[in-house]
Amino acid sequence: MGKTVLLHLICGVLAVLSVSLVKADDPYRYYTWTVTYGTVSPLGVPQQVILINGQFPGPTLDVVTNDNMILNLINKLDEPFLLTWNGIKQRKNSWQDGVLGTNCPIPPNSNYTYKFQTKDQIGTFTYFPSTLMHKAAGGFGGLNVYERPSIPIPFPTPDGDFTLLIGDWYKTDHKTLQQSLDSGKSLPFPDSVLINGQKQSSFSGDQGKTYMFRISNVGLSTSLNFRIQGHKMKLVEVEGSHTIQNIYDSLDVHVGQSVAVLVTLDQPPKDYYIVASTRFTKAVLTATAVLHYSKSQTPVSGPLPAGPTYQLHWSMQQARTFRWNLTASAARPNPQGSYHYGKITTSKTIVLANSAPLINGKQRYAVNRVSYVNSDTPLKLADYFNIPGIFSLDSIQSLPSEGPISLATSVMPTSLHDFIEVVFQNNEKTMQSWHLDGYDFWVVGYGSGQWTPAGRKSYNLVDALTRHTAQVYPNSWTAILVSLDNQGMWNMRSAIWDRQYLGQQFYLRVWTSTHSLANEYNIPPNALLCGKAVGQHP
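Taking mature numbering (1 follows the signal peptide of the UniProt record, and there is no 0), I'd label the letters of the sequence shown as residues -24 to -1, 1 to 514.
Structure follows, in C-alpha coordinates:
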(Lines of atoms letter the chains of each structure in order from A and count residues from 1; the text may use other names and numbers.)
(Lines give C-alpha, C1' and ligand atoms only; values in the text may rest on other atoms or scores of the structure.)
Protein backbone atom coordinates (compact mmCIF):
# COMPACT_ATOMS: atom_id res chain seq x y z
CA MET A 1 0.00 0.00 0.00
CA GLY A 2 1.44 3.40 -1.01
CA LYS A 3 2.17 6.07 1.58
CA THR A 4 -0.42 8.43 0.07
CA VAL A 5 -3.17 5.79 0.16
CA LEU A 6 -2.21 4.81 3.70
CA LEU A 7 -2.26 8.44 4.81
CA HIS A 8 -5.72 8.94 3.29
CA LEU A 9 -6.94 5.77 4.99
CA ILE A 10 -5.63 6.91 8.39
CA CYS A 11 -7.20 10.35 7.92
CA GLY A 12 -10.49 8.75 6.98
CA VAL A 13 -10.48 6.51 10.05
CA LEU A 14 -9.64 9.48 12.28
CA ALA A 15 -12.44 11.53 10.72
CA VAL A 16 -14.99 8.77 11.31
CA LEU A 17 -13.69 8.28 14.85
CA SER A 18 -13.89 12.02 15.48
CA VAL A 19 -17.50 12.19 14.27
CA SER A 20 -18.45 9.19 16.39
CA LEU A 21 -16.84 10.76 19.44
CA VAL A 22 -18.72 14.02 18.88
CA LYS A 23 -21.97 12.11 18.60
CA ALA A 24 -21.12 10.10 21.70
CA ASP A 25 -20.34 13.20 23.75
CA ASP A 26 -23.06 15.49 22.38
CA PRO A 27 -25.86 13.27 21.08
CA TYR A 28 -28.98 14.56 19.36
CA ARG A 29 -32.44 13.98 20.80
CA TYR A 30 -35.46 14.39 18.56
CA TYR A 31 -38.98 15.16 19.75
CA THR A 32 -42.30 16.01 18.14
CA TRP A 33 -44.79 17.67 20.47
CA THR A 34 -48.37 18.55 19.54
CA VAL A 35 -50.09 21.19 21.65
CA THR A 36 -53.88 20.85 21.95
CA TYR A 37 -56.73 21.70 24.28
CA GLY A 38 -58.23 18.95 26.37
CA THR A 39 -60.58 18.45 29.29
CA VAL A 40 -59.47 17.26 32.72
CA SER A 41 -60.95 17.55 36.20
CA PRO A 42 -58.09 18.16 38.66
CA LEU A 43 -60.50 19.77 41.15
CA GLY A 44 -63.48 17.55 40.38
CA VAL A 45 -64.90 20.01 37.84
CA PRO A 46 -64.24 19.53 34.09
CA GLN A 47 -62.14 22.35 32.70
CA GLN A 48 -60.17 23.12 29.56
CA VAL A 49 -56.41 22.69 29.84
CA ILE A 50 -53.44 22.69 27.49
CA LEU A 51 -52.08 19.24 26.66
CA ILE A 52 -48.75 18.30 25.10
CA ASN A 53 -49.00 15.00 23.26
CA GLY A 54 -52.21 14.43 25.18
CA GLN A 55 -50.54 14.84 28.57
CA PHE A 56 -51.29 17.21 31.47
CA PRO A 57 -48.79 18.22 32.74
CA GLY A 58 -46.61 17.85 29.65
CA PRO A 59 -43.96 15.14 29.12
CA THR A 60 -40.90 15.21 31.35
CA LEU A 61 -37.71 15.82 29.39
CA ASP A 62 -34.89 13.68 30.82
CA VAL A 63 -31.67 14.61 29.04
CA VAL A 64 -27.91 14.64 29.61
CA THR A 65 -25.48 17.55 29.79
CA ASN A 66 -24.59 18.85 26.31
CA ASP A 67 -27.40 16.97 24.56
CA ASN A 68 -28.60 18.70 21.41
CA MET A 69 -32.37 19.10 21.47
CA ILE A 70 -34.34 19.11 18.21
CA LEU A 71 -37.96 19.65 19.26
CA ASN A 72 -40.68 20.21 16.67
CA LEU A 73 -43.62 21.97 18.34
CA ILE A 74 -46.95 21.80 16.51
CA ASN A 75 -49.52 24.36 17.67
CA LYS A 76 -53.12 23.10 17.43
CA LEU A 77 -54.53 25.81 19.72
CA ASP A 78 -56.66 28.70 18.48
CA GLU A 79 -54.01 31.25 19.58
CA PRO A 80 -50.29 31.82 18.89
CA PHE A 81 -48.11 29.87 21.31
CA LEU A 82 -44.52 29.57 22.57
CA LEU A 83 -42.68 27.46 25.12
CA THR A 84 -39.75 28.82 27.11
CA TRP A 85 -37.08 26.66 28.76
CA ASN A 86 -36.92 27.84 32.35
CA GLY A 87 -33.30 27.89 33.51
CA ILE A 88 -31.70 26.51 30.35
CA LYS A 89 -28.95 29.00 29.58
CA GLN A 90 -29.24 28.91 25.75
CA ARG A 91 -25.54 29.63 25.38
CA LYS A 92 -25.01 32.15 22.54
CA ASN A 93 -28.51 31.30 21.37
CA SER A 94 -31.22 33.67 22.53
CA TRP A 95 -32.89 32.84 19.20
CA GLN A 96 -34.33 29.76 20.93
CA ASP A 97 -35.40 31.40 24.19
CA GLY A 98 -39.10 31.12 23.42
CA VAL A 99 -40.37 34.48 24.66
CA LEU A 100 -42.04 37.27 22.69
CA GLY A 101 -38.97 39.50 22.79
CA THR A 102 -36.88 36.91 20.96
CA ASN A 103 -39.29 34.72 18.99
CA CYS A 104 -42.38 35.23 16.88
CA PRO A 105 -45.15 33.10 18.38
CA ILE A 106 -46.13 29.93 16.52
CA PRO A 107 -49.43 30.63 14.72
CA PRO A 108 -52.36 28.20 15.06
CA ASN A 109 -52.00 25.10 12.89
CA SER A 110 -48.30 25.83 12.39
CA ASN A 111 -45.07 24.51 13.81
CA TYR A 112 -41.62 25.61 14.86
CA THR A 113 -38.56 23.45 15.54
CA TYR A 114 -36.51 24.49 18.55
CA LYS A 115 -32.82 23.65 18.31
CA PHE A 116 -30.75 24.15 21.46
CA GLN A 117 -28.18 22.48 23.65
CA THR A 118 -28.26 21.79 27.39
CA LYS A 119 -24.73 23.16 27.46
CA ASP A 120 -22.64 22.74 30.61
CA GLN A 121 -25.61 22.25 32.92
CA ILE A 122 -26.73 19.62 35.42
CA GLY A 123 -29.90 20.02 37.41
CA THR A 124 -33.62 20.46 37.80
CA PHE A 125 -35.45 22.79 35.42
CA THR A 126 -38.86 23.22 33.79
CA TYR A 127 -40.54 24.46 30.64
CA PHE A 128 -43.83 26.34 30.31
CA PRO A 129 -45.85 28.55 27.92
CA SER A 130 -44.63 32.14 27.72
CA THR A 131 -47.55 33.53 25.72
CA LEU A 132 -50.63 35.31 27.12
CA MET A 133 -52.03 33.47 30.18
CA HIS A 134 -51.49 30.00 28.74
CA LYS A 135 -49.49 28.97 31.79
CA ALA A 136 -52.77 29.09 33.75
CA ALA A 137 -54.01 26.21 31.59
CA GLY A 138 -50.99 23.91 31.76
CA GLY A 139 -48.48 23.25 29.01
CA PHE A 140 -45.70 22.99 31.61
CA GLY A 141 -43.43 20.09 32.49
CA GLY A 142 -40.16 18.99 34.05
CA LEU A 143 -36.77 19.28 32.34
CA ASN A 144 -34.09 17.27 34.13
CA VAL A 145 -30.47 17.45 32.98
CA TYR A 146 -28.33 14.54 34.19
CA GLU A 147 -24.55 14.40 34.37
CA ARG A 148 -22.34 12.75 31.78
CA PRO A 149 -20.66 9.53 33.00
CA SER A 150 -17.29 11.30 33.23
CA ILE A 151 -18.60 13.93 35.67
CA PRO A 152 -18.92 12.86 39.33
CA ILE A 153 -21.83 14.11 41.43
CA PRO A 154 -21.39 14.80 45.16
CA PHE A 155 -23.76 12.06 46.38
CA PRO A 156 -24.41 8.38 45.64
CA THR A 157 -26.67 7.72 42.66
CA PRO A 158 -30.24 7.66 44.03
CA ASP A 159 -32.31 4.50 43.80
CA GLY A 160 -35.03 6.43 41.98
CA ASP A 161 -35.94 9.87 40.73
CA PHE A 162 -39.31 11.65 41.04
CA THR A 163 -40.34 14.90 39.35
CA LEU A 164 -42.91 16.90 41.34
CA LEU A 165 -44.52 19.94 39.74
CA ILE A 166 -46.27 21.91 42.47
CA GLY A 167 -48.28 25.05 41.91
CA ASP A 168 -51.39 27.06 42.59
CA TRP A 169 -54.36 26.39 40.30
CA TYR A 170 -57.57 28.03 39.14
CA LYS A 171 -60.87 26.52 38.08
CA THR A 172 -61.39 29.60 35.91
CA ASP A 173 -60.53 29.26 32.22
CA HIS A 174 -57.24 30.90 31.21
CA LYS A 175 -58.97 33.15 28.67
CA THR A 176 -61.37 34.39 31.34
CA LEU A 177 -58.44 35.11 33.68
CA GLN A 178 -56.74 37.01 30.87
CA GLN A 179 -59.87 39.04 30.12
CA SER A 180 -60.13 39.92 33.79
CA LEU A 181 -56.53 41.17 33.83
CA ASP A 182 -57.10 43.08 30.60
CA SER A 183 -60.10 44.79 32.17
CA GLY A 184 -57.94 46.14 34.97
CA LYS A 185 -58.64 43.65 37.73
CA SER A 186 -56.06 41.82 39.82
CA LEU A 187 -55.62 38.06 39.71
CA PRO A 188 -57.98 36.46 42.26
CA PHE A 189 -56.87 34.11 45.02
CA PRO A 190 -56.26 30.62 43.58
CA ASP A 191 -58.75 27.79 44.08
CA SER A 192 -56.27 25.11 45.04
CA VAL A 193 -52.75 23.70 44.85
CA LEU A 194 -51.88 20.76 42.60
CA ILE A 195 -49.03 18.25 42.59
CA ASN A 196 -48.35 16.97 39.07
CA GLY A 197 -51.72 18.29 37.95
CA GLN A 198 -53.64 16.39 40.60
CA LYS A 199 -55.03 16.80 44.10
CA GLN A 200 -53.89 13.26 44.91
CA SER A 201 -50.92 11.34 43.48
CA SER A 202 -48.57 8.62 44.74
CA PHE A 203 -44.84 7.90 44.67
CA SER A 204 -43.57 4.42 45.59
CA GLY A 205 -40.24 3.21 46.93
CA ASP A 206 -38.55 0.49 48.96
CA GLN A 207 -37.70 0.74 52.63
CA GLY A 208 -34.03 1.58 53.19
CA LYS A 209 -33.49 3.09 49.75
CA THR A 210 -32.84 6.74 48.91
CA TYR A 211 -34.75 8.68 46.27
CA MET A 212 -34.35 12.06 44.64
CA PHE A 213 -37.37 14.36 44.66
CA ARG A 214 -37.13 17.16 42.08
CA ILE A 215 -39.58 19.86 43.20
CA SER A 216 -40.53 22.83 40.99
CA ASN A 217 -43.05 25.58 41.65
CA VAL A 218 -44.85 25.92 38.30
CA GLY A 219 -47.72 28.01 39.68
CA LEU A 220 -48.77 31.49 38.71
CA SER A 221 -48.32 33.57 41.83
CA THR A 222 -47.95 31.77 45.16
CA SER A 223 -44.94 30.64 47.18
CA LEU A 224 -45.29 27.09 48.49
CA ASN A 225 -43.85 25.05 51.33
CA PHE A 226 -42.97 21.40 50.69
CA ARG A 227 -42.61 18.64 53.28
CA ILE A 228 -42.94 14.86 53.73
CA GLN A 229 -44.52 13.32 56.81
CA GLY A 230 -41.97 11.61 59.08
CA HIS A 231 -39.04 12.16 56.71
CA LYS A 232 -36.07 14.49 56.50
CA MET A 233 -34.96 16.06 53.24
CA LYS A 234 -31.32 16.50 52.26
CA LEU A 235 -30.93 19.43 49.88
CA VAL A 236 -28.43 18.53 47.12
CA GLU A 237 -29.18 20.76 44.13
CA VAL A 238 -30.89 24.06 43.33
CA GLU A 239 -31.44 25.04 39.68
CA GLY A 240 -28.13 23.62 38.53
CA SER A 241 -26.08 24.30 41.67
CA HIS A 242 -24.87 21.46 43.86
CA THR A 243 -25.41 22.60 47.44
CA ILE A 244 -24.03 22.07 50.89
CA GLN A 245 -26.13 19.10 51.95
CA ASN A 246 -28.15 20.52 54.82
CA ILE A 247 -31.12 18.64 56.26
CA TYR A 248 -34.59 20.22 56.31
CA ASP A 249 -38.03 19.36 57.65
CA SER A 250 -39.66 21.63 55.07
CA LEU A 251 -38.58 23.89 52.22
CA ASP A 252 -40.03 27.09 50.80
CA VAL A 253 -40.11 26.97 46.99
CA HIS A 254 -41.07 30.27 45.38
CA VAL A 255 -42.70 30.82 42.01
CA GLY A 256 -40.44 29.67 39.17
CA GLN A 257 -37.90 27.96 41.44
CA SER A 258 -36.68 24.35 41.56
CA VAL A 259 -34.91 22.29 44.23
CA ALA A 260 -33.77 18.68 44.46
CA VAL A 261 -33.65 16.71 47.71
CA LEU A 262 -32.65 13.21 48.73
CA VAL A 263 -35.10 11.32 50.92
CA THR A 264 -34.21 8.01 52.56
CA LEU A 265 -37.16 5.72 53.26
CA ASP A 266 -36.00 4.96 56.81
CA GLN A 267 -39.39 4.76 58.55
CA PRO A 268 -41.69 1.79 59.21
CA PRO A 269 -43.27 0.54 55.96
CA LYS A 270 -46.53 2.43 55.69
CA ASP A 271 -47.84 5.33 53.63
CA TYR A 272 -46.88 8.93 54.41
CA TYR A 273 -48.27 12.31 53.38
CA ILE A 274 -46.42 14.55 50.92
CA VAL A 275 -47.66 18.12 51.36
CA ALA A 276 -47.42 21.38 49.40
CA SER A 277 -49.16 24.37 50.97
CA THR A 278 -49.32 28.09 50.26
CA ARG A 279 -47.06 30.54 52.08
CA PHE A 280 -47.66 34.16 53.09
CA THR A 281 -51.41 33.87 52.40
CA LYS A 282 -54.24 34.49 54.87
CA ALA A 283 -56.05 31.35 53.79
CA VAL A 284 -53.76 28.32 53.44
CA LEU A 285 -54.36 26.02 50.47
CA THR A 286 -52.93 22.52 50.62
CA ALA A 287 -52.32 19.65 48.20
CA THR A 288 -51.28 16.19 49.30
CA ALA A 289 -49.68 13.20 47.65
CA VAL A 290 -48.65 9.83 49.07
CA LEU A 291 -45.20 8.39 49.69
CA HIS A 292 -45.93 4.68 49.48
CA TYR A 293 -43.54 2.08 50.90
CA SER A 294 -43.63 -0.95 48.60
CA LYS A 295 -44.50 -3.35 51.45
CA SER A 296 -46.99 -1.01 53.07
CA GLN A 297 -50.38 -2.33 54.12
CA THR A 298 -51.23 0.86 56.02
CA PRO A 299 -52.76 3.90 54.31
CA VAL A 300 -51.85 7.47 55.20
CA SER A 301 -53.16 8.62 58.56
CA GLY A 302 -52.77 11.21 61.28
CA PRO A 303 -52.58 14.98 60.94
CA LEU A 304 -50.73 16.50 58.02
CA PRO A 305 -47.16 17.49 58.89
CA ALA A 306 -47.23 21.10 60.01
CA GLY A 307 -45.56 23.72 57.88
CA PRO A 308 -44.01 26.99 59.02
CA THR A 309 -46.36 29.70 60.16
CA TYR A 310 -46.58 33.13 58.52
CA GLN A 311 -42.96 34.03 59.22
CA LEU A 312 -41.04 36.00 56.64
CA HIS A 313 -37.97 36.04 58.85
CA TRP A 314 -37.98 32.22 59.03
CA SER A 315 -38.10 31.94 55.25
CA MET A 316 -35.34 34.49 54.70
CA GLN A 317 -33.15 32.73 57.26
CA GLN A 318 -33.72 29.42 55.47
CA ALA A 319 -32.79 31.01 52.14
CA ARG A 320 -29.46 32.12 53.63
CA THR A 321 -28.64 28.48 54.50
CA PHE A 322 -28.69 27.48 50.81
CA ARG A 323 -24.97 27.43 50.00
CA TRP A 324 -22.77 26.35 47.10
CA ASN A 325 -20.79 23.13 47.48
CA LEU A 326 -17.43 24.62 46.50
CA THR A 327 -15.67 21.26 46.04
CA ALA A 328 -18.38 19.58 43.95
CA SER A 329 -17.92 19.28 40.21
CA ALA A 330 -20.09 21.37 37.99
CA ALA A 331 -21.11 20.19 34.51
CA ARG A 332 -17.40 20.36 33.72
CA PRO A 333 -14.70 18.65 35.83
CA ASN A 334 -13.59 21.88 37.53
CA PRO A 335 -15.22 22.42 40.94
CA GLN A 336 -17.97 25.00 41.37
CA GLY A 337 -15.77 27.08 43.65
CA SER A 338 -13.00 27.53 41.08
CA TYR A 339 -14.64 30.75 39.88
CA HIS A 340 -14.07 33.30 42.65
CA TYR A 341 -17.02 35.55 41.91
CA GLY A 342 -16.62 37.51 45.15
CA LYS A 343 -13.21 38.86 44.10
CA ILE A 344 -14.38 40.41 40.83
CA THR A 345 -14.99 44.14 40.69
CA THR A 346 -18.46 44.96 39.42
CA SER A 347 -18.71 47.23 36.39
CA LYS A 348 -22.23 48.47 37.08
CA THR A 349 -24.99 48.47 39.69
CA ILE A 350 -28.62 48.17 38.62
CA VAL A 351 -31.42 48.67 41.15
CA LEU A 352 -34.87 47.47 40.07
CA ALA A 353 -37.90 48.66 42.02
CA ASN A 354 -41.23 46.98 41.29
CA SER A 355 -44.52 48.81 41.69
CA ALA A 356 -48.25 48.30 41.13
CA PRO A 357 -49.60 51.49 39.55
CA LEU A 358 -53.01 52.16 38.07
CA ILE A 359 -52.75 53.40 34.49
CA ASN A 360 -55.93 54.81 32.99
CA GLY A 361 -57.77 53.28 35.92
CA LYS A 362 -56.45 49.78 35.23
CA GLN A 363 -54.08 47.66 37.28
CA ARG A 364 -50.57 47.48 35.80
CA TYR A 365 -47.15 46.52 37.16
CA ALA A 366 -43.91 48.35 36.51
CA VAL A 367 -40.13 48.31 36.94
CA ASN A 368 -38.38 51.62 37.60
CA ARG A 369 -41.52 53.49 36.55
CA VAL A 370 -41.91 51.64 33.22
CA SER A 371 -44.66 49.12 32.52
CA TYR A 372 -43.62 46.86 29.65
CA VAL A 373 -45.75 46.40 26.52
CA ASN A 374 -44.99 43.75 23.89
CA SER A 375 -44.18 44.82 20.36
CA ASP A 376 -45.55 42.91 17.37
CA THR A 377 -41.92 42.60 16.23
CA PRO A 378 -39.61 40.62 18.56
CA LEU A 379 -36.81 42.81 19.88
CA LYS A 380 -34.22 40.28 18.83
CA LEU A 381 -35.37 40.48 15.21
CA ALA A 382 -35.55 44.28 15.33
CA ASP A 383 -31.98 44.38 16.66
CA TYR A 384 -30.69 41.91 14.07
CA PHE A 385 -32.36 43.54 11.06
CA ASN A 386 -31.80 47.13 12.34
CA ILE A 387 -35.53 47.86 12.27
CA PRO A 388 -36.10 51.28 13.87
CA GLY A 389 -38.92 52.31 16.17
CA ILE A 390 -39.35 48.98 17.99
CA PHE A 391 -37.39 49.77 21.15
CA SER A 392 -35.15 52.42 22.62
CA LEU A 393 -32.05 51.84 24.73
CA ASP A 394 -32.96 54.74 27.02
CA SER A 395 -36.50 53.51 27.68
CA ILE A 396 -35.77 52.36 31.24
CA GLN A 397 -33.35 53.68 33.83
CA SER A 398 -30.94 51.52 35.81
CA LEU A 399 -31.89 53.16 39.12
CA PRO A 400 -35.33 53.95 40.61
CA SER A 401 -36.60 57.50 40.59
CA GLU A 402 -39.73 59.45 41.46
CA GLY A 403 -42.27 60.39 38.83
CA PRO A 404 -45.14 59.16 36.69
CA ILE A 405 -45.38 55.64 35.25
CA SER A 406 -45.04 55.18 31.49
CA LEU A 407 -45.81 52.36 29.06
CA ALA A 408 -42.88 51.28 26.87
CA THR A 409 -41.14 48.35 25.22
CA SER A 410 -38.26 48.72 27.63
CA VAL A 411 -34.70 47.55 26.94
CA MET A 412 -31.69 48.15 29.18
CA PRO A 413 -28.24 48.22 27.52
CA THR A 414 -25.29 46.27 28.89
CA SER A 415 -22.00 45.09 27.43
CA LEU A 416 -20.77 41.57 26.86
CA HIS A 417 -18.41 40.43 29.64
CA ASP A 418 -19.60 43.04 32.13
CA PHE A 419 -19.84 41.79 35.70
CA ILE A 420 -22.82 43.53 37.28
CA GLU A 421 -24.61 43.88 40.58
CA VAL A 422 -28.42 43.81 40.44
CA VAL A 423 -30.57 44.73 43.44
CA PHE A 424 -34.25 43.85 43.42
CA GLN A 425 -35.94 46.41 45.66
CA ASN A 426 -39.43 45.41 46.78
CA ASN A 427 -41.32 48.26 48.45
CA GLU A 428 -44.64 46.43 48.25
CA LYS A 429 -46.30 44.20 50.84
CA THR A 430 -46.38 41.20 48.51
CA MET A 431 -43.84 38.48 47.78
CA GLN A 432 -41.84 38.92 44.58
CA SER A 433 -39.97 36.44 42.39
CA TRP A 434 -37.54 37.56 39.67
CA HIS A 435 -36.12 35.53 36.77
CA LEU A 436 -33.43 36.24 34.16
CA ASP A 437 -33.42 34.18 30.97
CA GLY A 438 -30.13 32.93 29.54
CA TYR A 439 -28.22 33.08 32.82
CA ASP A 440 -27.73 31.86 36.28
CA PHE A 441 -26.57 34.34 38.90
CA TRP A 442 -25.13 34.41 42.40
CA VAL A 443 -27.75 35.32 45.01
CA VAL A 444 -25.44 37.11 47.41
CA GLY A 445 -27.75 38.91 49.83
CA TYR A 446 -31.19 39.32 51.36
CA GLY A 447 -32.17 42.23 53.55
CA SER A 448 -35.12 44.09 55.00
CA GLY A 449 -36.14 47.65 54.19
CA GLN A 450 -34.35 49.85 51.70
CA TRP A 451 -31.11 48.68 50.12
CA THR A 452 -28.11 50.96 50.51
CA PRO A 453 -24.45 50.37 49.58
CA ALA A 454 -23.91 49.45 53.22
CA GLY A 455 -25.92 46.30 52.50
CA ARG A 456 -22.89 44.92 50.67
CA LYS A 457 -21.27 44.24 54.03
CA SER A 458 -23.73 41.37 54.50
CA TYR A 459 -23.15 39.81 51.05
CA ASN A 460 -22.03 36.20 50.80
CA LEU A 461 -19.00 36.52 48.53
CA VAL A 462 -17.71 32.98 49.02
CA ASP A 463 -20.33 30.26 48.55
CA ALA A 464 -23.59 31.86 47.42
CA LEU A 465 -25.74 29.70 45.15
CA THR A 466 -26.10 30.30 41.47
CA ARG A 467 -29.71 30.05 40.34
CA HIS A 468 -32.04 31.57 37.74
CA THR A 469 -34.93 32.79 39.94
CA ALA A 470 -34.63 34.78 43.17
CA GLN A 471 -37.36 35.61 45.67
CA VAL A 472 -37.69 39.07 47.19
CA TYR A 473 -39.54 39.36 50.47
CA PRO A 474 -42.10 42.09 51.20
CA ASN A 475 -40.54 45.47 51.99
CA SER A 476 -37.11 43.94 51.43
CA TRP A 477 -34.33 43.55 48.90
CA THR A 478 -32.38 40.77 47.24
CA ALA A 479 -28.97 41.27 45.61
CA ILE A 480 -27.41 39.19 42.84
CA LEU A 481 -24.16 39.23 40.87
CA VAL A 482 -24.21 38.32 37.17
CA SER A 483 -21.39 37.65 34.74
CA LEU A 484 -22.73 38.83 31.37
CA ASP A 485 -20.98 36.20 29.27
CA ASN A 486 -23.96 35.27 27.07
CA GLN A 487 -24.64 37.70 24.22
CA GLY A 488 -28.24 38.29 23.25
CA MET A 489 -31.54 39.91 24.14
CA TRP A 490 -32.61 38.41 27.47
CA ASN A 491 -35.88 38.71 29.35
CA MET A 492 -35.72 39.97 32.95
CA ARG A 493 -39.19 39.39 34.41
CA SER A 494 -41.38 38.74 37.35
CA ALA A 495 -41.94 34.99 37.63
CA ILE A 496 -45.35 35.86 39.12
CA TRP A 497 -47.21 35.52 35.89
CA ASP A 498 -49.96 38.13 36.17
CA ARG A 499 -47.33 40.73 37.09
CA GLN A 500 -45.25 39.73 34.07
CA TYR A 501 -48.33 39.85 31.84
CA LEU A 502 -49.21 43.35 33.05
CA GLY A 503 -45.77 44.88 32.63
CA GLN A 504 -43.27 43.81 35.32
CA GLN A 505 -40.53 42.87 32.88
CA PHE A 506 -37.97 44.31 30.47
CA TYR A 507 -35.13 43.05 28.27
CA LEU A 508 -31.42 43.12 29.01
CA ARG A 509 -29.46 43.68 25.79
CA VAL A 510 -26.04 42.06 26.25
CA TRP A 511 -24.13 43.49 23.31
CA THR A 512 -20.76 43.81 21.64
CA SER A 513 -19.88 45.44 18.35
CA THR A 514 -17.72 42.45 17.40
CA HIS A 515 -19.69 39.93 15.36
CA SER A 516 -18.37 36.45 16.11
CA LEU A 517 -19.82 32.95 16.25
CA ALA A 518 -17.74 32.56 19.40
CA ASN A 519 -20.11 35.09 21.00
CA GLU A 520 -23.45 34.34 19.37
CA TYR A 521 -24.90 32.00 16.77
CA ASN A 522 -26.42 33.28 13.55
CA ILE A 523 -30.16 33.61 13.15
CA PRO A 524 -31.58 30.11 12.50
CA PRO A 525 -32.77 29.48 8.93
CA ASN A 526 -36.18 28.37 10.23
CA ALA A 527 -36.77 31.55 12.27
CA LEU A 528 -40.38 32.71 12.19
CA LEU A 529 -40.78 36.30 11.00
CA CYS A 530 -43.59 38.59 12.10
CA GLY A 531 -44.41 42.27 12.53
CA LYS A 532 -41.97 44.56 10.73
CA ALA A 533 -39.55 41.63 10.23
CA VAL A 534 -41.83 40.07 7.60
CA GLY A 535 -40.05 39.99 4.28
CA GLN A 536 -36.56 40.10 5.78
CA HIS A 537 -34.12 37.31 4.86
CA PRO A 538 -32.48 35.35 7.70
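Glycine residues also receive a C-beta, built at the ideal position from the N, C-alpha and C atoms.
Item	Value
Residues of its chain near G318, where Cβ-Cβ distance is below 7 Å and the 5 sequence neighbours each way are ignored	L437, V438
Start and end residues, alpha helix (DSSP H) containing R296	288 to 296
Reduced DSSP secondary structure (H/G/I, E/B, other) of Q174	strand
Inter-residue CB distance, S217 and L441 (contact presumed, cutoff 8 Å)	5 Å
For W487, three-class secondary structure by DSSP	strand
Member of N42, L59, H411, G379 whose CA lies at the smallest distance from the CA of W9	L59
Integer-rounded CB distance, given that F298 should sit under 8 Å from L211	7 Å
Own chain residues within Cβ distance below 6 Å of P83, not counting five before or after	P56
Three-pair Cβ contact test at 8 Å for the stretch 385 to 395 versus the stretch 315 to 331	yes
Cβ contact check for the stretch 336 to 350 and the stretch 168 to 181: 3 or more pairs under 8 Å	no
Local conformation of A112 per DSSP, three classes	helix
Burial state of I320 (16 or more Cβ within 10 Å)	exposed
Outcome for A430 when other beta-carbon atoms lying within 10 angstroms are tallied against a minimum of 16	exposed
Alpha-carbon spacing of E404 relative to Q426, whole angstroms	11 Å
Residue burial classification, H513 (beta-carbon count within 10 angstroms, cutoff 16)	exposed
G379, buried or exposed, once every other Cβ within 10 Å from all chains shown has been counted against 16	exposed
The stretch 116 to 124 contacting the stretch 23 to 35, beta-carbon criterion three pairs below 8 Å	yes
At least three beta-carbon pairs within less than 8 Å, the stretch 222 to 236 to the stretch 186 to 193	yes
Alpha carbon of I472 to alpha carbon of Q481, nearest angstrom	11 Å
Residue span of the alpha helix (DSSP H) that contains W473, given as start and end	473 to 477
Collapsed DSSP secondary structure at G117 in the structure displayed	strand
Other residues of its chain near I129: CB distance less than 6 Å, five sequence neighbours each side excluded	E123
Validate contact between the stretch 171 to 187 and the stretch 253 to 269 using beta carbons, cut 8 Å, 3 pairs	yes
DSSP-derived helix/strand/coil call for P311	strand
Exposure label - V237; buried when at least 16 CB within 10 Å	buried
Identified DSSP bridge partners for Y317	Looking at the DSSP assignment, Y317 forms no beta bridge with any residue, so it has no partner.
Sequence-distant residues of its chain with Cβ nearer than 8 Å to S106 (five each side left out)	L58, L59, T60, G74, V75, L76
Bounding residues of the beta strand (DSSP E) (the contiguous stretch that carries Y90)	86 to 93
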